[in-house]
Structures are given as C-alpha cells and as structure tokens.
Amino acid sequence: MQRPPEGRRLAIAVMAPAASLFLGAAGLAAQGVTTAGLNGRVTGQTMAAIIGATVSAVHEPSGSTYSTVTRSDGRYNLRGLRVGGPYTVSVSLVGYGAEAVEGLVLALGEDRRVDVLLAEEAVQLEGVTVIVERRAFLSGERNGPQRDVNTEEIEGFPTINRSVQDFARFSPYAIGTNIGSSENIGGVSIGGKNNRYNNIQVDGAILNDVFGLPDSGTPGGQANSQPISLDAVQAFQVAVAPFDIRQGGFTGGSVNIVTRSGTNEFDGSAYFFGRNNSFVGGLSLPDGTVDEPADFGEMQTGFRVGGPIVADKAHFFVSGELKQTGRPLAIGLLGSSQANILGISADDMARIIDISKSTYGYDPGSFEEELARATNDLKLFARLDFNLSEDNHLTVRHNMVDAVSERGITRDGGQDGTIGLPTQGYDFGAVSNSSVAQLDTRIGANAQNMLRVAYQRQRDNRTPVSDPYPEVSIIVGEDGESVELGIERFSQQNAVHQDVFEVTNDFTLFKGSHTITLGTHNEFFSFQNLFIQDAYGQWTFDSIEDYAAGNASRYRASISRLDEEYPRVEWSAMQLGFYVQDRVEINDRVNFQAGVRADIPVFSDKPGENSDFAAAFPGYSTSEVPSGVVLLSPRLGFNAALNDDRSWQVRGGTGVFTGRNPFVWISNQFSNTGLDFTRIDCRIWRGCGVPSFTNSADPVEADGVASTTEVNITDTNFKFPQAWRTSLAVDREFSPGMVLTLEGIYTQNVNDILYKDLSIVPEGTSVDGRMMFSDAAADPAFSPGVFLLTNTDEGRQVQWTVELSKDAGTSLLPGLVGSVAYTLTDATDVNSGASSRAISNFQYNEIGMDPNNPGPGTADYEIKHRLVASLSRQFEWKEGFGTQVAAFLESRAGRPFNWTYSGDANNDGRRFNDLIYVPESTADDTYLFETDCERCRGAADFQRFVEQVPGLYKYRGQIVPRNSSREPWVNTLDLRITQDLPVPGGRNMQLTLDMLNVGNMLNGDWGRQRYVAFSANTILSFQGYDENRGARIVRFYQRDENDDGVANVDDITLLDNVLSRWAIQLGARIDF
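My numbering puts the first residue of the sequence shown at 47, with every later residue one more than the last.
#1: Please name the residue, chosen from Phe833, Asp814, Pro808 and Gly815, that lies closest to Ala822 on a Cα-to-Cα basis.
#2: When you compare each of Phe318, Glu338, Phe342 and Gly334 to Arg39 by their alpha carbons, which one comes out closest?
#3: What are the start and end residues of the beta strand (DSSP E) that includes Val1029?
#4: Comparing alpha-carbon positions, which option in Ala1059, Gly654 and Ala915 lies nearest Ala932?
#5: Pairing CB atoms from the stretch 949-966 with CB atoms from the stretch 974-982, are three or more of them under 8 Å?
#6: Return the first residue and the last residue of the beta strand (DSSP E) that Arg117 is part of.
#7: How close, in whole Å, do the beta carbons of Leu1124 and Val304 come, if the pair is a contact with beta carbons under 8 Å?
#8: Would you check if the stretch 1012-1031 and the stretch 1069-1081 touch, i.e. whether three or more CB-CB distances between them fall below 8 Å?
#9: Going straight from the alpha carbon of Phe362 to that of Leu259, what length do you get?
#10: Locate the beta strand (DSSP E) running through Leu1039, then write down its first and last residues.
#11: With Asn741 and Tyr406 assumed to form a contact (beta carbons below 8 Å), what rounded beta-carbon distance in angstroms separates them?
#12: Going by DSSP, name the residue or residues bridged to Val447.
#13: Are the C-beta of Glu452 and some C-beta of chain D separated by less than 9 Å?
#14: In this structure, how does DSSP classify Leu440 when only helix, strand and coil are distinguished?
#15: When you compare only the Cα positions, how much space is there between Gly308 and Glu199?
#16: I believe Thr509 touches Asp473 by the beta-carbon criterion, under 8 Å. Please report the beta-carbon distance rounded to the nearest angstrom.
#17: Quick check on Ala281: does DSSP put it in helix, strand or coil?
#18: Please name the residue, chosen from Glu156, Pro132 and Thr754, that lies closest to Ala146 on a Cα-to-Cα basis.
#19: Between Val546 and Asp645, what straight-line distance do the alpha-carbon atoms span, to the nearest angstrom?
#20: With 16 as the cutoff for other CB atoms within 10 Å, does Ile398 come out buried or exposed?
#21: Rounded to a whole number of angstroms, what is the C-alpha to C-alpha distance between Pro745 and Ile712?
#22: Among Gly565, Pro273, Ser589 and Arg121, whose alpha-carbon lies nearest the alpha-carbon of Ala491?
#23: Could you tell me the distance, in whole angstroms, from the CA atom of Arg778 to the CA atom of Lys852?
#24: Enumerate in chain order the residues of its own chain whose CB-to-CB distance from Asn877 is below 7 Å, with the five nearest sequence positions on each side excluded.
#25: Considering only residues of the stretch 755-838, which uninterrupted beta strand (DSSP E) runs meet the minimum length of 3 residues and lie entirely inside it, listed in chain order?
#26: Ser886 lies in the alpha helix (DSSP H); which residues open and close that run?
#27: Less than 9 Å between the C-beta atoms of Phe432 and Arg443, yes or no?
#28: Which runs of the alpha helix (DSSP H), 4 residues or longer, sit entirely within the stretch 937-1022?
#29: Tell me the DSSP secondary structure of Met345 in three-state form.
#30: Starting from Ser618 and walking both ways along the beta strand (DSSP E), at which residues does that stretch end?
#31: Please report how far the alpha carbon of Ala1109 lies from the alpha carbon of Gly348, in whole angstroms.
#32: Measuring only the C-alpha atoms, how far is Ala985 from Arg1002?
#33: Looking at C-beta atoms only, is the number of pairs between the stretch 513-528 and the stretch 573-587 that lie closer than 8 Å three or more?
#34: Note the first and the last residue of the continuous alpha helix (DSSP H) segment covering Gln211.
#35: Taking just the CA atoms, how far does Gly130 sit from Ile1116?
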C-alpha cells in the first residue's frame, strides 16, 4: 500500500530547490519583564558630563515618546519602552548641537546602552560620536542564560501546533515533553526540571495553570489548546537563570511572552492553515506493510488588526483565531496492521461488547467506531495602549481561550495495555480569561515606577458522554491487557475552577552609577476542586467469563460522608513577594547587580481536622498547612567586557530561585482528610467478599471489608521549591554578527519534594536485600495510604552548552541567520513530581530499597545530549517576491526509563514501582522462573535478554538504579518555506508550507520516535515467593518480535504514532 501521494509530492517538489537556496545561493539578491529600556551617558568634547540634556526616544510606528534629562553625572535611563522599534533617540541642550540616533530595535527585557558625545554649537565636527552597544546578545545587561525569540522567528519558523513549546525549544535548555502523547500535547522541560516548575507569563502576568493538572502547564492544555494565539505574540524569552531579582516563581525556567500592540498605521492580516490525512505519512511496519493515518482534518483560521485610536496617543490591537481538529486514535487488535498492537483479539472484543448489551443492558459502543478526538478552540485577544503623557504610559489587554476537546478513551497502550471503548470518553471544556493593566511612570530624571494589576479566571470541566455508569475493566490478554468501558474512574466527578489576582509594583531609583529597585509581587489564589475518583464505582474482572457471570475480583468506590453527594473543596492562598536590588556600573565595561527577594506563601483556609487520624498518627494533623514560611532568594549577577568594543564578555551569577508548587499537591490535603469521603476497596485476593456486579452508578455494600480512607498531609515545615543556581559564560564575537558562547550552569536543589507513606510498616528484607513491608498497615482504617508531602535537598542539575549564533550581516554566508547549540546535561532528583495525585507521585517514583527514603537518582527529565539548530535565510527575486526558508533541527538522546516488576515486589501496596534485581548469571537462585504459560521463558532466555541491554547488563548481581536505560536517540528536521506575493491594492500575500520530520519523508526508517510508557518497562511479572527455596517467583515474557533471539529496541519500546510520521501543513496569509 502506497503512502498518500498529494502531500509528499508537493513537499518533495519544493524541498530540493529550497535546500539549494538555503545552503548555496549566497550571491542572490537579497514578572516578568514586559518592556525594554535605554541607558547611557552624554558627555562633551572633553568627556565631561553634560547635565540637563533632554533625551527623547520615539517609537516611530506608534509615535510613543519617552523622555528624560541627564543627571549630574551625565547619565540617563529610560524604562518601560515598547519592545521592538525602530526607535529614534535624540539628545539636545541649549548651547549644544542636537543629535539623533535612528533605527534602534529593542529586544524584550533589553536595556540598550547609547552614549552620545555632544559638540558645542560654535564648534564644527565632522561627525558626532555615538556609541551604541552592538546588540542584545552582547549587552552589558545580560548575565544569565536566556534565549530571545523575535517576531521574525515566530512568523518564519515551522510550526503546526502554533504552540509555546514550538518556540521555547529554540533554547538549548528547553525540551518538549510531548513524546508518547497520543494527542501530541506536551509541556516544556527547562534545565532538566519538571514543566510544573516553570513560570509562564504573558505581559508580566501568570499564564501557568497554577493548579498544575495539564501536561502543557498552561490554561486549556487538557482541552488540547494553546494559551494564546501566536498572532498576538511579538516576542518570547526563555530564561534559566535571570539574576534580576524581579523575576521569580520558578526553579525550572521562565517563559516570558510579550504581546503585539497597535501603531499609527492601520494594518492587519487574515490567515488560514490546514491539513488532513493526505498530508501525514504512513508508518512502515516490520512485516513490510504501512500503517496509513486514519481520516482526519485540521484547520486554523484567524485575523489580527491594529491601528491608531488617536495618532501618537492611543492605539489598539485585536486578534481572533479558531482551530478545529480531529486526531485519530491508533492502536490495533491482534492481526491488525496498526503500528502498535495489544494482545486482544477481535473475537474477545466482540464478546465483551455483546455481554455488556445482552446481560447488563449497556451499550459501550464499538471498537470500530471512528474516534477522532475532535477539538474546537477559540481564542480572542485585545490590547489598548495609551500615551497619557511623555511620563505616563498605560497598557490594558485581555486574552480569552474557549476550548472543548473529546478525551478519556485510552488506545495508546501503557503499562497495563488498555483499550477503552467509546463510553470512556468525556468532553473536556476549558475556558480561560486573563486581563492585565500596566502603568509605567517616569518620576523626574531620577526615578521610574511600574504598576501592574492582573486577573485570571479559569474553568475546567469534564462532561462524560455516557449516562452515569461505573467503570468496568476486563483483563483479557496474557500480559494483563484489558478492555475498559463505562465512565473513566477519574472523570466521574471532576472539575477545577481557579481565580488568580496579581499586584506588582516596581520602583526604580537612578542615583549615579546605581540603579536601585524596590518592588513587590503578590499573587492571590482561589480554588474550587471537584475530584471524586470512583464516584460511580469501578469493577475489575479477571476474565471475560468472570464478566459474563458478574464475578468481579475487585470493587472500588468513594462515598460521601457529607450531606452533599458530590462535595467540592474550596480554599484560597496567596504568595507575597518583596525584593530590593542594586545594579552598579563600576565602569563602562563592568557591572554587577545584587539583590534579595522574600517570598511568603500564606494559606487563608485550613483543611478539616480528623481527630481519629491525629490519634492514630501522633504528631501529624490533617488541618495544618505550611503557611507563612519566609523563603529568601539572594542573588548576584555580573557582566564584564574584556575589551572596549565588547567583542569579548564574561557574564554569570549565583543565587536562589524560589518557585511555587502546583497547588494540586496542596489541594490533595484539602480533599483527603478522611472527613469528606470513605473508600471501599474490596479485593478478592485479600479475603474480601467482592459483591456481584450491578450495572448501577450507586455504591454497593461489600462483605468482609471495612470502609477506609486515604489521607494526604503536608509537613508543617514544608517549603515551596527552591534551587541554588550558578552560571558562568564567555561570549566571543569573532566576526561582526557571529558570536561563540561557552556556558555552564550548576543547580543544587535547596527544597524539592519528597513523598512518604506513613501507613507502611517495615518487616525485614528480601532475598535481594530489598526492604520489605508488613501485610498489616500502621492503621487499617487509613488505606490505601497516608501520604506525607515533605522536602529534600538532594538532587542537582549540571549543564554545559556551546553555541554559535550569527545574524544576516556577517561576511560568512551573508543572509543566513540562526544559531547552533549543543548541551550536555546531568540531572538527578529524588522525585520528579510527574503526577498530580499524592498516591501517584509516591507510587510511580521507582525505587530499589526504601520507598520512604529513595535517595537521588537520574531525573525523569534528563536529556543527556542535545544538539539544536535554528537557521533561516531570505531571498528577494524582485520587488514584492520574497522567499524565506527556515529550518529547525534537533538531535538528542532519548529519555531515561526504568526496569520494574509488574507486581508489588516489596509488599508496600504499590505496583509498577519496584526496580528489578538482575541475576549475576543463570546460576543465581534469586529468581524462580515460571514457564507454564504460552510466552513464558526461563532463566537462560532472561539472561540472554539482559546481555543485549546495557542498562541491565552492567548491573548484574544488584538492583538496577532508577532510570538506568534510555529510549532511542531522536533526530528531527522541521522546515518552513514562505513565499511572498504582491496582490492588487498594494497588499502582500504569503503562502507557507510547514514540513515536520522531513527525514521521515525521505526514508521511512528515519525520524521515528520510540518511547517507554510512564518511563517504566515492566520486564518481569512478580508472582510471589517460594518460601522453601527463598526465591522470588517471576514470569519473563519473551520480548522478541522478529524471533531473532536479540532484544531489539522495537521489542521494549512503543512507537510514537504522531511524532514518528512526517507531516505537512499549508497556509495562506494576506496582509492589509
């Protein structure tokens, strides 16, 4: 079967000439900080300071004017300037000739130095000396690692999702986390940290989902939406260690976004992007067949327009975007031609559906039913800018996202190998509104003030497609594969509402060579959380026959203890911040800044006090939360030019960064005090009389089991995340516009997370030295556990980067713009915090010895090696006919993963988290291999498998450490070609072709991305102990898809069904 021809033929038709143009046609014609600034010194011919000279900066497109006068030392400062330009800076004083500097373009957060030498009017000079810093990259303001993404890069580089992740990845330290996601939804890991530790801001206001549920880390992420339209964005900035004390709220990284604004000219554009299954490649399978993409369609359409309300005084900008998409679900039954197949046959699937209908009167839907996971996503943005005077500038803007996505149906495998039927689905609705007002005020020549007020309202709701019905899970396959129907157990009652209010004020005083900032940043949070797992119940059956007979092996349910059947938890908190900083210019080459910041999390509400729990666990309380802890962040940064033209500079700094927890980690305590709900978890293998199945959403009684409750608590001394980060870099401009950077970053965790289960009781050790736990919990009334959130200071991240960047004006390859960077990362932590629930953060933190004291190990987010390149080139054949070719290349090591048992090897009540012991040889009697099942293999087969896997072989005779192996290396090349065409009326049209994973288009074996679900490969199934032999009983299921006796990568990983295919998107835009 051939690949869909249309998209591939179109791409190949343009790729060859584009490549030759890109590489070989040099002779052809050719809290964040939301603003920019200017500073400098005005002197006379004798280099004496000129006092009282007027310095004005005019933003030419809008007429916005910013003015000040020079102080006693001739210095001046202008803050709060619009990002971009061009600017004209003029300097004048009676008795001196007026001078001007034109064409300055300012980057986000840049404070450009412009020194001016004025001549007396009676003196004639051939030229006036104006010293302007070369560009933002070599600015004296720069100390820590950061990557700026400008408007040209946003508009010119390849993207299909039009996401924050697509441009944050330009930073050598930022990596997308969407691999293994069937919907290609992901966040950004920065600095080897969980994306939940990032701070994402738009116009200085929080754009995180601070509750912390979406993988993307942003509002609307669970509905497959982006938080803002790219057409509303002017620039991105990704920073790992900005030593400016004003920037906080993260221990990973900061993503700062500034939006577009109107000008004195009415202008705008309308655009359309679209694709379907003809523009997505097939997947070549081992048997020679091709897995073609299912039918789907995707389109994005929108507009932007801006202009003057009153020329030079008031301007507007608005944008709107609608995205509609359907992403097919892709996993196959036995005998199908899908890329990923589970061990469930079509006959078994048909039996389950028939039993559901005929025996229980419930229609779960059909496996063959088209499930496209449709998304409807609307974004609206509006911004007003007012130049109230030369001293006062006001910005007001609003951003709205309204998205609904079909979710909940599992068909992408995983540890359990699960296929969900259509009734598992739900519509996820996400509505987010964010408003910001910012006033920048100049107070004489010596002071500046910035006041920002922001409000964000977010509403996330899950609406099941089925009427209330329990979840039913039927185990079918030999490896534990299962079929699920009914309403997904975590979505039966699930909604989150959150409101965030912010107030920030920065007062800056300019005194001689000192720039002193005093500020406060305060965040006020209000949450309403409805999360009741198993509100309608969850039933597990060990076989299809058991399902037909109604004989379940496990039943779970949550039952309200309150008058309200499905109660919501409501609580509020705040985080207050205060800071002071002094930036000192020692001379024209050297400056440093020192400051300290205090962040104070305060909880306005307390959870309920469970006296029964307090009696059972003395010293712990369900009502105490860590409120009022003062978190200090001292920082020091510096920048030193090694020569007068600043072609050499050394920069760096050291200090503490304080973030915020995903508030869901604290909300777990409010929701799990043991007062609001009681839990039934009846398991037949624990002697419980599991009731006969009933197709009712009402809880049922279970014989032989007492109702219990999970309890979550937080250490009263718990501190929000903190990390001490140090960076040192050398920048060398060895030809104009071409800069080589060497940079190192060392991060030591100061306060990171550690989860403990207080209910488990140690009881000896196992044959492999592993700590074991008693069958009896510390108190059986509190089950499945008592989870304590506390701190650890263990873990660190070390990164080394070498980067080469160039602009269009260099003599080498003129017209080529971009950068190439390589980063080496070594990252460890105790718990990567990949989940939202306390029980999951404990359970899925893989351990070898003691789960309550696991010690540091390789972090889930460590990408050992990464090479990234972003390059673009523009050509103009004749006036109005321009072509741009832009490429983004990423070559990186795979993510780390673990080797675990599929059962509970240490009896702590948690599955899938126990790291395996690797026998020294076949003579090692630690294991007793069961071989009485169809695919079970013995000790010799397991030893051969171990010898093929470095992450196992080198740990023979011991328990493998956490994240000992890595997924395969990933290589991707994305390309965008943009063609400008003049149209009547003096307008311009752009046609774009985005091509992702170009290598896969050229060769079906290239560009494939393989992954391990949940970062754990359950290689051995733990079956129990042989007490007589003192051995652990296990099953090893042979993993050798092509039966060649070798453990191939394909045998131990899954193929990402989205990222492993080439993809094309066509676009058209008309400017007006």
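Beta carbons: idealized from backbone N, C-alpha and C, even for Gly.
Looking at the atomic coordinates:
#1: Pro808
#2: Only positions 47 to 1118 of the chain appear in this structure, which leaves residue 39 out of reach.
#3: Its beta strand (DSSP E) spans residues Val1016 to Val1029.
#4: Ala915
#5: no
#6: For Arg117, no beta strand (DSSP E) encloses it, and the DSSP letter there is neither H nor E.
#7: Residue numbering for the chain in the displayed model covers 47 to 1118; residue 1124 lies beyond these limits and cannot be assessed.
#8: no
#9: 34 Å
#10: Arg1033 to Leu1042
#11: So it is a contact: roughly 4 Å between Cβ atoms.
#12: Lys425 and Ser478
#13: Of the chains in the structure shown, none is chain D; there is only one protein chain.
#14: strand
#15: 20 Å
#16: 5 Å
#17: strand
#18: Pro132
#19: Rounded to the nearest angstrom, the two C-alpha atoms are 17 Å apart.
#20: Residue environment: Ile398 is assigned as buried (16 or more neighbouring CB atoms within 10 Å of its CB, all protein chains considered).
#21: 28 Å
#22: Distances from the CA of Ala491 to each of Gly565, Pro273, Ser589 and Arg121 were compared; the closest alpha carbon is that of Arg121.
#23: 12 Å
#24: Ile799, Leu800, Tyr801, Asn887 and Asn891
#25: 757-760, 768-781, 784-803, 808-811, 817-819 and 832-838
#26: Ala884 to Gln889
#27: no
#28: 985-993 and 996-999
#29: strand
#30: Val615 to Glu631
#31: 21 Å
#32: 13 Å
#33: yes
#34: Under the DSSP assignment, Gln211 falls in the alpha helix (DSSP H) whose first and last residues are Val210 to Ala214.
#35: 22 Å
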